[in-house]
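Input: a single structure, listed below in structure tokens.
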Amino acid sequence: MEPEHLRAVERAVACIEAHRGGRLDLDAIARAAGYSKFHLHRLFGEATGMTVHAYASRRRLTEAARALVETQRPVADIAREAGYDSQQTFSAAFAALYKAPPARFRASGAFYPLQLPLELGGSAAGRDGSPAGAADGRAGWEAGTGPWEARAATPADVPAWMDLMRLAVDGFPWLDERRHEAWLRDAVARGRALVACGAGSAALAGAAAFDPERARIDVLAVHPLQRRGGGPARALVAAVQAALPGRDLVIATYRTGDRADTGYRRDLAALGFEEAGLGTELGYPVQWFLLRTEPQDGGGSGRRSNL
Numbered sequence: 620m621e622p623e624h625l626r627a628v629e630r631a632v633a634c635i636e637a638h639r640g641g642r643l644d645l646d647a648i649a650r651a652a653g654y655s656k657f658h659l660h661r662l663f664g665e666a667t668g669m670t671v672h673a674y675a676s677r678r679r680l681t682e683a684a685r686a687l688v689e690t691q692r693p694v695a696d697i698a699r700e701a702g703y704d705s706q707q708t709f710s711a712a713f714a715a716l717y718k719a720p721p722a723r724f725r726a727s728g729a730f731y732p733l734q735l736p737l738e739l740g741g742s743a744a745g746r747d748g749s750p751a752g753a754a755d756g757r758a759g760w761e762a763g764t765g766p767w768e769a770r771a772a773t774p775a776d777v778p779a780w781m782d783l784m785r786l787a788v789d790g791f792p793w794l795d796e797r798r799h800e801a802w803l804r805d806a807v808a809r810g811r812a813l814v815a816c817g818a819g820s821a822a823l824a825g826a827a828a829f830d831p832e833r834a835r836i837d838v839l840a841v842h843p844l845q846r847r848g849g850g851p852a853r854a855l856v857a858a859v860q861a862a863l864p865g866r867d868l869v870i871a872t873y874r875t876g877d878r879a880d881t882g883y884r885r886d887l888a889a890l891g892f893e894e895a896g897l898g899t900e901l902g903y904p905v906q907w908f909l910l911r912t913e914p915q916d917g918g919g920s921g922r923r924s925n926l
């Protein structure tokens, strides 16, 4: 994506953040971005994989979920602040994404984000603002165009990994950052975590972690700007296959029709995964996807089920 186009998307995101309450004004967002609504729709989808409306709705509902758990404000007030005219409409939209009505979600006492503010340009930088292998964060992502290479993650990759997870949080319901980072450090120490980078950039374009006992991919995260091409994901999946030769791989994702899915089922199908059984992960309804091994010479399929 051209730097100016990326800056336009960032301006649109900033406008959405500044006006989360009330009706979504696409004209105002387009003016802030400096493009027509038609061109903004195309650029926003290319950068985020979502429409402007879908992103804004996810942000509003995420902050509503936060307010439900962290405050005692009436649900009607939270609904109005999220831009909904009625509590009933808000409850239906909330339940469609969070799989529980607002009252039950509040009673659970556990908040998790469905969408954090996208910081597409600076996400390659470390938490202290220092660049990760490039002159600045944006240059790092623009330079990372492939060929993609996957390598074992190191402890030094953990901050950038966590930044990437915040950008890709739409694919990871129930993400608890503190627990995830502790789990990640253990996965790195065990050699079960991988990262993907592009030619000419040390910035992380993707990350994966796997469980060799279950032949399961626990994490497959890709930066939104690199998701459409699929290159980092293919490199990571190939690296997991190389680490687990002759094994079928499984991964959990959204079920058919889940409104929280921003295209992860589609992405897995493009990688060669096929639908398998239904299940539940961390209390969330999921569908398992299966990637079969290639048939081996000698007539045997070499396939093994992991479900």
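Numbers given in my numbering equal positions in the sequence shown, counted from 1, plus 619. Positions of the beta carbon are idealized from the N, C-alpha and C atoms, including for glycine. All values derive from a computational prediction rather than experimental measurement.
- Looking at the DSSP output, A812 sits in a beta bridge with A828.
- Boundaries of the alpha helix (DSSP H) around P778: 777-786.
- R853 sits close to L890, with the two beta carbons spaced by under 8 Å.
- Straight-line measurement puts the Cα of R679 at about 27 Å from the Cα of M620.
- Within its own chain, the residues whose Cβ lies closer than 6 Å to the Cβ of R835, once the five positions on either side in sequence are excluded, are V869, listed in chain order.
- Bridge pairing for G898: V905 [DSSP].
- DSSP places D880 in the coil class of the three-state scheme, outside both helix and strand.
- Using a 10 angstroms sphere on the CB of W793, the tally of other CB atoms stays under 16, which defines it as exposed.
- Of all alpha-carbon atoms in P732, S655, A715, the one lying nearest the alpha-carbon of T875 is that of A715.
- DSSP, read as helix, strand or coil, puts L716 in helix.
- Close CB contacts of G653 within its chain, under the 8 Å cut and outside five residues either way in sequence, are with A627, R630 (chain order).
- For the pair A808 and L823, the Cα-to-Cα distance works out to about 19 Å.
- By the C-beta criterion, the segment 880-899 is judged not to be in contact with the segment 793-807, since fewer than 3 inter-stretch pairs fall below 8 Å.
- At a Cβ-Cβ threshold of 8 Å, G896 and A840 do not count as neighbours.
- Between the segment 709-723 and the segment 671-690 there are three or more inter-stretch CB-CB distances shorter than 8 Å, so the stretches are counted as touching.
- Looking at the backbone, the Cα of H638 and that of L887 are separated by about 34 Å.
- Note: A840 is bridge-paired with A826 in the DSSP secondary-structure output.
- Between the beta-carbon of I697 and that of A683 there is about 5 Å, and that keeps the pair under the 8 Å contact cut.
- For E665, no beta strand (DSSP E) segment is defined; the enclosing uninterrupted segment is the alpha helix (DSSP H) at 656-667.
- Annotated three-state conformation of E682 is helix, per DSSP.
- Collapsing the DSSP output to three states places A649 in a helix.
- Judged by beta-carbon spacing, A826 lies within the 8 Å limit of L783, meaning their Cβ atoms are closer than that value.
- Here P831 is near L863, since their CB atoms are less than 8 Å apart.
- Between the C-alpha atoms of I635 and K656 there is a straight-line separation of about 14 Å.
- Pairing R804 with P778 gives a Cβ-Cβ distance that is not under 8 Å.
- Sequence-distant Cβ neighbours of L739 in its own chain, meaning closer than 7 Å and more than five residues away, are L625, V628, E629, A666, P843, L844.
- Annotation for A771: the continuous beta strand (DSSP E) segment containing it runs 768-771.
- The beta carbon of T681 is closer than 8 Å to those of P732, L733, Q734, L735 in its chain, skipping five residues each way along the sequence.
- In the DSSP annotation of this structure, L868 is not part of any alpha helix (DSSP H); the continuous beta strand (DSSP E) holding it starts and ends at 868-872.
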